[in-house]
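Colleague:
Residue numbers (the numbering used here): 238 to 392.
1. Less than 8 Å between C-beta atoms, sequence neighbours within five positions excluded: which residues of the same chain meet that for residue 257?
2. Where do the ends of the beta strand (DSSP E) carrying residue 349 lie?
3. According to DSSP, is residue 255 part of a helix, a strand, or is it coil?
4. To which residues of the same chain is residue 330 closer than 7 Å at the C-beta, ignoring the five residues directly before and after it?
5. Using 10 angstroms around the beta-carbon of residue 359, count the other beta-carbons present and answer buried if the total reaches 16, otherwise exposed.
6. Starting from residue 264, follow the alpha helix (DSSP H) in both directions and report where the run begins and ends.
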């Protein structure tokens, strides 16, 4: 089992397609994120805007190839804010764990992000370790959420 799947429940890890969507308007952030994620065995898909990300998530849901998590830049000039994009993604795939990413985090923003539905925050510039850890935590939360309804049905 790869280090990426060691934190996941065995039944989830064995069937996981570890697809991570990275949404950022900066090409160098996308390139670095893609290289880092692929170095850890993830399939990394890049989107330059919220609109592009929404289309990728919609197609993924329709084709049965959901993303296991998404990393969303909060500030993308000229387009929708990260908070708006989060709403769009939640409407399309309510179970998609979304990580907020920004170079401008303050403690109150971190709390706000988690309060409105981001599963984690990833400050820029990120390291290989911080990126990998944020994605793994998001995947564990997704796996736990997927097992809760089954556990409730058994009781």
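Glycine is no exception: its CB is placed at the ideal position from the N, C-alpha and C atoms. Just so it is clear, the structure is predicted and the values come from calculations on it, not from any experiment.
Modeller: Taking the definition as stated:
1. 274, 279, 280, 281, 282, 304, 305, 306, 307, 308 and 372
2. Note, residue 349: premise wrong, no beta strand (DSSP E); alpha helix (DSSP H) at 344-353.
3. coil
4. 294, 298 and 303
5. buried
6. 264-276
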